[in-house]
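Taking it in order: structure first as structure tokens, then the write-up.
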Amino acid sequence: MNKRVTVYPMISDEMLTNPGIGFTTAPGLMGDPERIVDNRGEAQRKYKFAEDSRTYNHPDSKVFFCSVRWRDIETDKGSYDWSVLEEKLDYAKSLGCTAVVRCSPYALSEEDDIPSWFRAEYPEEPEFPFWRVDPLTTPYAEYWSNFIKAFAARFDGHPLISSIDLTIVGAWGEGGGTEFLTTDAIKQITDAYLDGFKITPLQALLHDPLSIRIINERKANVGFRVDCLGDMGGFHGDQWSHMTDFYPQNIQNFEMGDAWEKAPILFEACWHMNDWYLQGWDIDYIIQETLKWHISSFNNKGTVVPEPWREKVKAWINKMGYRFELRKFAYDSIAEVGGELNIEALWANVGVAPIYHRYPLAVRLTGQCRSYTLHSSEDIREWLPDEDIAWIERFSLPNDMPAGEYMLEIGIETGVKEIGNIQLAITEYQDGFYPMGKLFVERGRQANGKADEL
Numbered sequence: 001m002n003k004r005v006t007v008y009p010m011i012s013d014e015m016l017t018n019p020g021i022g023f024t025t026a027p028g029l030m031g032d033p034e035r036i037v038d039n040r041g042e043a044q045r046k047y048k049f050a051e052d053s054r055t056y057n058h059p060d061s062k063v064f065f066c067s068v069r070w071r072d073i074e075t076d077k078g079s080y081d082w083s084v085l086e087e088k089l090d091y092a093k094s095l096g097c098t099a100v101v102r103c104s105p106y107a108l109s110e111e112d113d114i115p116s117w118f119r120a121e122y123p124e125e126p127e128f129p130f131w132r133v134d135p136l137t138t139p140y141a142e143y144w145s146n147f148i149k150a151f152a153a154r155f156d157g158h159p160l161i162s163s164i165d166l167t168i169v170g171a172w173g174e175g176g177g178t179e180f181l182t183t184d185a186i187k188q189i190t191d192a193y194l195d196g197f198k199i200t201p202l203q204a205l206l207h208d209p210l211s212i213r214i215i216n217e218r219k220a221n222v223g224f225r226v227d228c229l230g231d232m233g234g235f236h237g238d239q240w241s242h243m244t245d246f247y248p249q250n251i252q253n254f255e256m257g258d259a260w261e262k263a264p265i266l267f268e269a270c271w272h273m274n275d276w277y278l279q280g281w282d283i284d285y286i287i288q289e290t291l292k293w294h295i296s297s298f299n300n301k302g303t304v305v306p307e308p309w310r311e312k313v314k315a316w317i318n319k320m321g322y323r324f325e326l327r328k329f330a331y332d333s334i335a336e337v338g339g340e341l342n343i344e345a346l347w348a349n350v351g352v353a354p355i356y357h358r359y360p361l362a363v364r365l366t367g368q369c370r371s372y373t374l375h376s377s378e379d380i381r382e383w384l385p386d387e388d389i390a391w392i393e394r395f396s397l398p399n400d401m402p403a404g405e406y407m408l409e410i411g412i413e414t415g416v417k418e419i420g421n422i423q424l425a426i427t428e429y430q431d432g433f434y435p436m437g438k439l440f441v442e443r444g445r446q447a448n449g450k451a452d453e454l
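Under our numbering, the residue at position 183 of the sequence shown is numbered 183, and the numbers go up by one with no gaps.
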């Protein structure tokens with residue numbers, strides 16, 4: 001007799017590492033370093049966030065920050081050598097990470113100049129601050145837009161890229177000097193990103209109102225990043241800070257308060273967390289502001305987290321980005337070869353942001369002889385925080401599926417072996433999937449069905 005099986009998975013409060021969220025990785029603190037020092041060179045006691053952590057004095061991570069220079073890629077005008085970026089993506093994969101990618105037009109030192117062929121065309125450096133080439137008398141906007149178009153044609157939808165910085169101008173692409181560009185030039189550059197990247201998420205620097213307005217006019221799904229998180233008065237004493245006088249106001253003034261629903265919100269530390277600690281800045285306030293702004297990831301610049309803040313940081317990470325709890329899972333214990341498998345489940349996203357990649361939700365049936373993976377039509381990018389997520393689906397079983405006993409498992413696949421499947425906030429994680437119970441497949445009426453045979 002067929003029986004409806006209902007499972008209530010055990011919810012886990014453990015730290016999870018998943019692509020695109022949490023702290024960016026700290027390769028220099030991984031493995032077993034003989035000595036740990038902070039950003040000021042002071043020796044620190046070694047500690048881990050969890051017993052099985054592979055990183056000391058810093059959370060483990062599955063997101064890597066990857067920056068490359070225009071001059072290293074477009075070595076000749078219209079000729080691109082993508083190997084420097086591909087090597088960094090391969091390195092990220094070797095660490096089990098996806099990458100946040102930034103292509104920088106230039107920086108302030110000579111070795112970070114614009115491409116040599118561009119410099120040969122325009123040897124004079126301008127007097128504009130933050131610029132190495134005159135934006136008004138040179139085809140900077142055209143040349144940089146052409147590069148972005150080539151970049152998008154090659155890398156949009158790349159499985160190792162979690163998101164891309166929409167860089168326009170300025171040293172390291174951080175936006176300084178935007179005021180010297182015309183509106184048409186900014187639009188030309190932003191259009192190159194928005195037209196080229198249709199799959200990979202984008203985030204724009206929360207820097208100037210003009211570029212953000214142009215992005216918003218297109219109703220584009222673009223998140224934002226800020227590069228001075230944590231500043232509570234490091235520039236002008238108690239009179240002004242990014243955390244109280246710039247970010248809260250401009251998130252609203254630039255109409256980016258709801259951007260998180262469709263694209264990621266990223267932060268980079270102003271100085272280092274250790275500086276925040278030594279200054280006595282309020283870590284609770286900093287964390288709560290980021291959660292209110294729906295943070296997905298935080299770039300701590302690969303340096304140590306002050307040990308007294310370890311528990312606060314663990315709680316922070318458990319709220320960053322997406323965190324999926326499977327609260328109820330129900331299915332019929334018996335199904336027919338070529339018939340249907342009916343599933344009902346209740347999910348919750350207890351993080352502060354959605355997932356921005358359409359990774360497939362999958363049911364795996366594992367028997368003695370073989371396994372079958374059935375992919376759901378559910379778009380998990382729509383699983384927003386603070387909403388009940390009811391999932392009901394009928395899966396067709398293959399006509400040639402051997403009858404017998406199978407273990408029914410649930411998982412979300414990334415498709416990259418080194419990264420693995422998405423970790424859920426439930427227990428019993430096994431080989432990327434979570435077992436729900438036994439399914440008995442019997443011979444009976446044959447129906448059309450599809451599965452991916454492993």
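Yeah, the Cβ is synthetic: ideal placement off N, Cα and C, and Gly gets one too.
Check: Cα-Cα, which of Asp112, Val133, Cys97, Pro129 is closest to Tyr122?
Finding: Counting from 1 along the sequence shown, the entry for residue 122 is found at position 122. Here the closest residue by C-alpha is Val133.
Next item on the list: Pull up the distance between the alpha-carbon of Met10 and that of His236, whole angstroms please.
Entry: The residue labelled residue 10 in the question sits at position 10 within the sequence shown. The residue labelled residue 236 in the question sits at position 236 within the sequence shown. Going from the Cα of Met10 to the Cα of His236 covers about 49 Å.
Next item on the list: List the DSSP bridge partners of Val441.
Entry: On the sequence shown, position 441 is the one that residue 441 refers to. Paired residues: Ala335, Gly404.
Margin query: For the structure I just gave you, are there three or more beta carbon pairs, one from the region 416-433 and one from the region 298-314, closer than 8 Å?
Written below: no
Margin query: Quick check on the burial criterion: 16 or more other C-beta atoms within 10 angstroms. Buried or exposed for Glu405?
Written below: Against the sequence shown, residue 405 aligns to sequence position 405. By the neighbour-count rule (16 or more Cβ atoms within 10 Å), Glu405 is not buried but exposed.
Notebook entry, point to check: Grouping DSSP H, G and I as helix and E and B as strand, with all else coil, what is Lys328?
Noted result: Stepping through the sequence shown from its first residue, residue 328 is reached at position 328. Correct three-state label for Lys328: strand.
Item checked: Sheet register partners of Met30 (DSSP bridge) -> Sequence index remark: in the sequence shown, residue 30 carries index 30 (1-based). BP columns for Met30 point to Thr55.
Next item on the list: Determine the direct distance from the alpha carbon of Thr200 to that of Thr366, and round the result to whole angstroms.
Entry: For the purposes of this step, residue 366 is taken as residue 366 along the sequence shown, with counting starting at 1. For the purposes of this step, residue 200 is taken as residue 200 along the sequence shown, with counting starting at 1. Distance between the alpha carbons of Thr366 and Thr200: 33 Å.
Margin query: What residue range does the alpha helix (DSSP H) around Glu268 cover?
Written below: For the purposes of this step, residue 268 is taken as the residue at position 268 of the sequence shown. Premise fails: Glu268 lies in the beta strand (DSSP E), 265-269, not in any alpha helix (DSSP H).
Check: Which residues in the same chain as Lys187 place their Cβ atom closer than 7 Å to its Cβ, once the five residues preceding and following it in sequence are excluded?
Finding: By 1-based counting over the sequence shown, the position of residue 187 is 187. Closer than 7 Å at the Cβ level, and outside the excluded window around Lys187, lie Ile214.
Next item on the list: Would you list the residues sitting across from Glu340 in a DSSP beta bridge?
Entry: Numbered from 1 along the sequence shown, position 340 holds the residue referred to as residue 340. Ser396, per the DSSP bridge assignment.
Notebook entry, point to check: Bridge partners of Ser162, per DSSP?
Noted result: Against the sequence shown, residue 162 aligns to sequence position 162. DSSP output for Ser162 lists no bridge partner at all.
Margin query: Using a 10 Å radius around the Cβ and a threshold of 16 neighbouring Cβ atoms, would you call Thr24 buried or exposed?
Written below: Here residue 24 refers to the residue found at position 24 when the sequence shown is read from its first residue. That one is buried.
Notebook entry, point to check: Is Pro105 near the ligand NAD, judged by its Cβ being under 7 Å from some heavy atom?
Noted result: Judged by which ligands are present, the structure shown has none, so any question about the ligand NAD falls away.
Check: Going along the chain, which residues of its own chain have a beta-carbon closer than 8 Å to the beta-carbon of Trp383, five neighbours each way excluded?
Finding: Walking along the sequence shown from the start, residue 383 turns up at place 383. Hits under 8 Å: Tyr322, Phe324, Trp347, Asn349, Pro354, Ile355, Ile389.
Check: Would the beta-carbon of Gly20 fall within 8 Å of that of Pro59?
Finding: In the sequence shown, the residue the question calls residue 20 occupies position 20. In the sequence shown, the residue the question calls residue 59 occupies position 59. Going by C-beta atoms, Gly20 is not nearer than 8 Å to Pro59.
Item checked: Minimum Cβ-Cβ distance from Val441 to chain D less than 8 Å -> The displayed structure is made up of one protein chain only, and chain D is not part of it.
Next item on the list: Could you pull out every residue in the same chain whose Cβ sits closer than 6 Å to the Cβ of Lys101, ignoring the five residues on either side in sequence?
Entry: As a working mapping, residue 101 is identified with position 101 in the sequence shown. Strictly speaking, residue 101 in this sequence is Val, with Lys absent from that position. Contacts found: Cys66, Ile161, Ile164.
Margin query: So, at 8 Å on beta carbons, what are the nonlocal neighbours of Phe440 in its own chain, with the 5 sequence-adjacent residues on each side left out?
Written below: Taking the sequence shown and counting its residues from 1, the one referred to as residue 440 is at position 440. Within the same chain, Phe440 has close Cβ partners Ser333, Ile334, Ala335, Gly404, Glu405, Tyr406.
Next item on the list: Within the same chain, show all residues whose beta-carbon is closer than 6 Å to that of Asn448, passing over the 5 residues directly before and after it, in chain order.
Entry: By one-based count along the sequence shown, residue 448 stands at place 448. With a pLDDT of 38 at Asn448, under the threshold of 50, the predicted position of this residue should be treated as unreliable, and no value is reported.
Next item on the list: For Pro69, collect the residues of the same chain with a Cβ closer than 7 Å to its Cβ; drop the 5 residues on either side in sequence, then sort them by chain order.
Entry: Along the sequence shown, one-based indexing puts residue 69 at 69. It is Arg, not Pro, that sits at residue 69 in the sequence shown. Here the set comprises Ser104, Asp112.
Note to self: So, at 8 Å on beta carbons, what are the nonlocal neighbours of Asp13 in its own chain, with the 5 sequence-adjacent residues on each side left out?
What the structure shows: By 1-based counting over the sequence shown, the position of residue 13 is 13. Only Asn318, Ala425 meet the Cβ criterion.
Check: Would you report the Cα separation of Gly411 and Gly351, rounded to the nearest angstrom?
Finding: Position 411 of the sequence shown, counted from the first residue, corresponds to residue 411. Position 351 of the sequence shown, counted from the first residue, corresponds to residue 351. Looking at the two C-alpha atoms, the distance is approximately 18 Å.
Note to self: Looking only at its chain, what residues have a beta carbon closer than 7 Å to the beta carbon of Tyr143, apart from the 5 residues adjacent to it on each side?
What the structure shows: Looking up residue 143 in the sequence shown gives position 143. Only Phe118 meet the Cβ criterion.
Item checked: Cα-Cα separation, Asn274 to Gly234 -> For the purposes of this step, residue 274 is taken as the residue at position 274 of the sequence shown. For the purposes of this step, residue 234 is taken as the residue at position 234 of the sequence shown. The alpha-carbon atoms of Asn274 and Gly234 are separated by roughly 13 Å.
Checklist line | Reduced DSSP secondary structure (H/G/I, E/B, other) of Leu229 | finding: Translated into the one-based positions of the sequence shown, residue 229 becomes position 229. Correct three-state label for Leu229: strand.
Check: Tell me which same chain residues have a C-beta within less than 8 Å of the C-beta of Pro435, skipping the five on either side of it?
Finding: For the purposes of this step, residue 435 is taken as residue 435 along the sequence shown, with counting starting at 1. Contacts found: Met407, Leu408, Glu409, Glu428.
Notebook entry, point to check: Does the beta-carbon distance from Glu74 to Pro115 come in below 8 Å?
Noted result: Within the sequence shown, the letter at position 74 stands for residue 74. Within the sequence shown, the letter at position 115 stands for residue 115. Yes, these two residues count as a Cβ contact at 8 Å.
Checklist line | DSSP state of Gly173 mapped onto helix, strand, coil | finding: Locating residue 173 in the sequence shown gives position 173, counting from the first residue. Looking at Gly173 - three-state DSSP - the assignment turns out to be helix.
Check: In chain order, what residues of the same chain lie with their CB nearer than 7 Å to the CB of Ala269, ignoring the 5 residues before and after it?
Finding: In the sequence shown, counting from the first residue as 1, residue 269 sits at position 269. Correct list, in chain order: Leu229, Gly230, Asn299, Asn300, Lys301.
Check: Can you tell me whether DSSP reads Thr373 as helix, strand or coil?
Finding: Here residue 373 refers to the residue found at position 373 of the sequence shown. Correct three-state label for Thr373: strand.
Checklist line | Coarse secondary structure for Asp431, derived from DSSP in three states | finding: Position 431 of the sequence shown holds residue 431. The answer is coil: DSSP assigns Asp431 none of H, G, I, E or B.
Notebook entry, point to check: Just how far apart, CA to CA, sit Phe128 and Trp82?
Noted result: Position 128 of the sequence shown, counting from 1, holds the residue named residue 128. Position 82 of the sequence shown, counting from 1, holds the residue named residue 82. About 30 Å.
Notebook entry, point to check: At what residue ranges does the region 230-297 contain a whole run of the alpha helix (DSSP H), taking only runs of 4 or more?
Noted result: 242-245, 247-253, 273-279, 283-292
Notebook entry, point to check: For the beta strand (DSSP E) that contains Ala99, what are its first and last residues?
Noted result: Position 99 of the sequence shown, counted from the first residue, corresponds to residue 99. Counting along the chain, the beta strand (DSSP E) containing Ala99 begins and ends at 98-104.
Note to self: Closest to Asn221 by C-alpha separation, out of Phe254, Met243, Pro264, would be which residue?
What the structure shows: Translated into positions along the sequence shown, residue 221 becomes position 221. When each option's Cα is compared against that of Asn221, the closest is Pro264.
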